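All residue numbers for the sequence shown refer to our numbering, where the first residue is 130 and numbers rise by one. Taking it in order: structure first as structure tokens, then the write-up.
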Amino acid sequence: MKKIITLLVLAFASIALHAERTVPYNHKTWSDAYKAKDYVAAKASLDSFILDTDGKKLAVASHYVGLTSVSDQAVINTPEKATAYATTLVAECGITDANAIDYVKTYVLVRGGHYRAVCDYVKALPAPSVGTKELLMHSCLKLKKYDEALAYALETNQMYYAAIAAKYQGDKVKIFELSKRAALEGYLTAARLKNVLNYVGEQYFGDTTITEEQQTEFLVAVNQKYSRFLVTDKATWEPILAGVRVTLKARGVNIE
130 MKKIITLLVL AFASIALHAE RTVPYNHKTW SDAYKAKDYV AAKASLDSFI LDTDGKKLAV
190 ASHYVGLTSV SDQAVINTPE KATAYATTLV AECGITDANA IDYVKTYVLV RGGHYRAVCD
250 YVKALPAPSV GTKELLMHSC LKLKKYDEAL AYALETNQMY YAAIAAKYQG DKVKIFELSK
310 RAALEGYLTA ARLKNVLNYV GEQYFGDTTI TEEQQTEFLV AVNQKYSRFL VTDKATWEPI
370 LAGVRVTLKA RGVNIE
């Protein structure tokens, strides 16, 4: 009991308790301070926001977790401390939705680096939300449980992370198919697109069912889909798409 009380005291010490929140939620206000590493200002901003919807409550709680993980890691550096902190944070933000509570508890464990505790906690939940399953997926990747990570990535439609898991599994067909889905089913950032192209480019597919034609069709589709970004950010995207075009030209594909 004494240990539990001590942990709760530590958790309360990291979160300001407010008589009143008076400022409308504004992501930019706190985010600018956070990016500038002015953590005192970032916390003061979070402390002031009015939490009048479930969405705002969860958003602010998540921001508190991220802030604590970089400014006061000692508060969550064991699973027990992390759990105590999460319990306090949920109460402070007025979160009552069961899925949101589970998400916050899981997210604190993730930011504390307690990936085995995440697996134990989430797997014991009767019906975890998609967001909580995504945190489980990330934890499985950290623990190098690539089969489980791939299953959760597919279940939550996180194709980029599915491609990462496939890469570590070493299944060439999965690497191609999941990298293709990651690149083409939505839009990736330049860095992520570069990664999935590398995942594919590193493979020799001659001993698989993946044909040269399929590889070419994939690169053509990537070029068509992402060329639009050359207009707004040529410096970032040109090196990536130039590599795609060089490969296509070497395969005899005419690129205008």
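Yeah, the Cβ is synthetic: ideal placement off N, Cα and C, and Gly gets one too. Keep in mind the model is a prediction, meaning the values are calculated, not measured.
Which residues bound the alpha helix (DSSP H) around residue i?
i	result
His156	156 to 164
Leu370	363 to 379
Helix, strand or coil for residue i per DSSP?
i	result
Val152	strand
Asn352	helix
Thr345	helix
Val382	coil
Thr340	coil
Val360	coil
Could you round the C-beta distance between residue i and residue j to whole angstroms and report it? I think they count as a contact, below 8 Å.
i	j	result
Asp183	Ala229	7 Å
Phe178	Val169	No, Phe178 and Val169 are not in contact; Cβ-Cβ is about 16 Å, not under 8 Å.
Thr345	Val382	6 Å
Arg374	Asn352	6 Å
Ala294	Leu313	Not quite, the Cβ-Cβ distance comes to about 18 Å (not below 8 Å), so this is no contact.
Just to confirm my understanding: we take residue i, look at its own chain, exclude 5 residues before and 5 after, and list those with CB closer than 7 Å. What are they?
i	result
Val237	Val194, Ile205, Ala211, Tyr214, Ala215
Asp226	Asp183
Ile224	Lys186, Leu187, Ala190, Ile230, Val233
Thr376	Leu348
Gln268	Per the sequence presented here, residue 268 reads as Ser, with Gln not at that position. Here the set comprises Val239, Tyr244, Val247, Cys248.
Trp159	Ala171, Ser174, Leu175, His192
Tyr333	none
Tyr387	Here the chain comprises residues numbered 130 to 385, so residue 387 is not present and cannot be evaluated.
Leu136	The predicted model places Leu136 with a pLDDT of 45, which falls under 50 and marks its position as unreliable, so this point remains unresolved.
Val386	Residue 386 is absent from the structure shown; the chain starts at 130 and stops at 385.
Between residue i and the rest of its own chain, which residues show a CB-CB distance below 6 Å, the 5 nearest in sequence each way excluded?
i	result
Ala246	Pro208, Leu238
Ala311	Met288, Tyr289, Ala292, Val325
Gln298	Tyr275
Ala371	none
Glu149	none
Arg380	Thr345
Leu283	Ala291
Excluding the five sequence neighbours on either side, which residues of its own chain have a C-beta within less than 8 Å of the C-beta of residue i, listed in chain order?
i	result
Pro368	none
Lys378	Ile384
Phe141	Confidence is the limiting factor: at Phe141 the pLDDT is only 43, short of 50, which leaves the residue's position unreliable and the question unanswerable from this model.
His156	Ala188
Leu254	Asp231, Thr261
Pro153	Phe178, Ile179
Val259	Thr285
Ile133	In this prediction, Ile133 has a pLDDT of 45, which is less than 50 and means its spatial position is unreliable; what the coordinates show is noted afterwards. Hits under 8 Å: Ala213.
Quick check on the DSSP output: what are the complete alpha helix (DSSP H) runs of length 4 or more inside the segment 252 to 338, in order along the chain? For the segment 252 to 338, whole alpha helix (DSSP H) runs of length 4 or above, ordered along the chain, are 259 to 271, 275 to 284, 288 to 298, 301 to 313, 319 to 330.
Note down, one range per segment and in chain order, each alpha helix (DSSP H) of at least 4 residues found wholly within the segment 201 to 231. 208 to 222
For the segment 167 to 200, which segments carrying the alpha helix (DSSP H) assignment without a break, of at least 4 residues, lie completely within its bounds, in sequence order? 168 to 177, 183 to 200
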